[in-house]
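Okay, structure first, notes after.
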Amino acid sequence: MADSFHQFISTNHQGLLFHSRDHKKNRNWSDWHWQIRNQIRTPEDLGALIDLSENEKQEIKKAAAVFPMAITPYYASLIDWNDPSCPIRMQCIPSTQELNFGLEEMDDPLKEEAFSPLPGLIHRYPDRVLLLVTLECSTYCRHCTRKRKVGDPTKAINIQGIDEGIKYIQNHHEIRDVLLSGGDPFFLGDQLL
Numbered sequence: 144m145a146d147s148f149h150q151f152i153s154t155n156h157q158g159l160l161f162h163s164r165d166h167k168k169n170r171n172w173s174d175w176h177w178q179i180r181n182q183i184r185t186p187e188d189l190g191a192l193i194d195l196s197e198n199e200k201q202e203i204k205k206a207a208a209v210f211p212m213a214i215t216p217y218y219a220s221l222i223d224w225n226d227p228s229c230p231i232r233m234q235c236i237p238s239t240q241e242l243n244f245g246l247e248e249m250d251d252p253l254k255e256e257a258f259s260p261l262p263g264l265i266h267r268y269p270d271r272v273l274l275l276v277t278l279e280c281s282t283y284c285r286h287c288t289r290k291r292k293v294g295d296p297t298k299a300i301n302i303q304g305i306d307e308g309i310k311y312i313q314n315h316h317e318i319r320d321v322l323l324s325g326g327d328p329f330f331l332g333d334q335l336l
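If you read the sequence shown in the working numbering, its first letter stands for residue 144, the second for the next number, and so on.
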């Protein structure tokens with residue numbers, strides 16, 4: 144995969160975008176399952192696809208060691224690799240700027256844990272709850288307020304936790320709104336949702 148991506152990128156800075164439009168060469172490009180299977184998850188994967196300076200490699204590696212990275216090939220195709228200030232690049236490529244935070248910011252910036260009667264359920268307002276159903280996303284946004292959890296298998300949400308959240312909701316009749324969140328709830332598929 145890296146060789147074919149590198150070939151497209153080396154001939155045009157938006158090579159991945161051109162690749163996405165060439166359905167004959169990759170019929171799977173529009174399949175979200177394929178996109179997930181081919182996520183760019185390490186600085187080494189990223190370095191195999193685009194030319195990074197040694198400094199960029201080290202910065203990405205340092206930030207990704209604290210906050211995991213994941214970028215779908217499609218999302219990577221939207222990045223202007225010649226522009227370090229490209230908004231999409233800044234949204235999904237790890238940066239050491241992410242490591243400049245106070246402990247109160249890292250731990251729980253929205254103070255969700257204070258309103259969490261169960262793991263994966265946030266009951267901040269009397270009539271609504273937020274039920275976390277997954278901590279996975281197709282692309283890990285660098286500004287995510289849950290990035291301390293996203294992609295961490297030790298914090299994964301399982302069906303038993305979701306069932307406990309549903310029981311909690313059933314026992315609290317004041318709740319009229321349930322927001323499914325995560326990560327990306329659509330990761331679960333139609334059947335489970």
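The beta-carbon is built from N, C-alpha and C at its ideal position, and this holds for glycine as well.
Test item: CB-CB of L322 and L253 under 7 Å: No, they are not a contact pair.
Using 10 angstroms around the beta-carbon of F210, count the other beta-carbons present and answer buried if the total reaches 16, otherwise exposed. Sixteen is the threshold: when 16 or more other Cβ atoms of the shown chains lie within 10 Å of the Cβ of F210, as they do, the residue is buried.
Going straight from the alpha carbon of I302 to that of D327, what length do you get? Rounded to whole angstroms, I302 to D327 spans 15 Å at the Cα level.
I183 - DSSP class collapsed to helix/strand/coil: If DSSP states are grouped into helix, strand and coil, I183 belongs with the strands.
When the distance is taken between beta carbons, is K200 closer than 7 Å to G190? Yes, Cβ-Cβ distance for G190 and K200 is below 7 Å.
Output the distance between the C-alpha atoms of R289 and Y283, rounded to the nearest integer angstrom. R289 and Y283 have their C-alpha atoms spaced approximately 10 Å apart.
Where does the unbroken beta strand (DSSP E) through V293 begin, and where does it stop? Taken as a continuous stretch (DSSP letters only), V293 belongs to no beta strand (DSSP E), as it is neither H nor E.
So does the segment 257-267 actually touch the segment 228-242, counting three or more Cβ pairs closer than 8 Å? Because the criterion of three Cβ pairs below 8 Å is not met, the segment 257-267 and the segment 228-242 do not touch.
Could you give the first and the last residue of the continuous beta strand (DSSP E) run that contains Y268? Start and end: 264-268.
Top-ranked residue by Cα proximity to A208, from D223, A219, S220, I236: Each of D223, A219, S220, I236 was checked against the Cα of A208, and the nearest Cα belongs to I236.
Of the residues I300, L278, T239, the one placed nearest V293, counting alpha carbons only: If we check each option's Cα against that of V293, L278 comes out closest.
Please name the residue in C280, I312, D306 whose C-alpha comes closest to that of L335. Checking every option, the nearest Cα to that of L335 belongs to D306.
Give me the residue from Y311, V276, C287, R291 with the minimum Cα distance to D333. D333 has its Cα closest to that of V276, out of Y311, V276, C287, R291.
Between Y311 and the rest of its own chain, which residues show a CB-CB distance below 7 Å, the 5 nearest in sequence each way excluded? Contacts found: P260, L261, L264.
Buried or exposed: S173, going by 16 or more other Cβ atoms within 10 Å of its Cβ? The residue is exposed, with fewer than 16 neighbouring Cβ atoms inside 10 Å.
Inspect the beta-carbon positions of Q182 and A219 and report whether they are closer than 7 Å. Taking 7 Å as the Cβ cut-off, Q182 and A219 do not qualify as a contacting pair.
Identify the continuous beta strand (DSSP E) that holds L335 and give its terminal residues. Counted as a single uninterrupted DSSP element, the stretch harbouring L335 is not any beta strand (DSSP E) but the alpha helix (DSSP H) occupying residues 332-335.
Thinking C-alpha only, which one of P216, E241, S238 is nearest S281? Nearest of P216, E241, S238 to S281, Cα basis: P216.
Helix or strand or just coil, what does DSSP make of C280? Three-state result, C280: coil.
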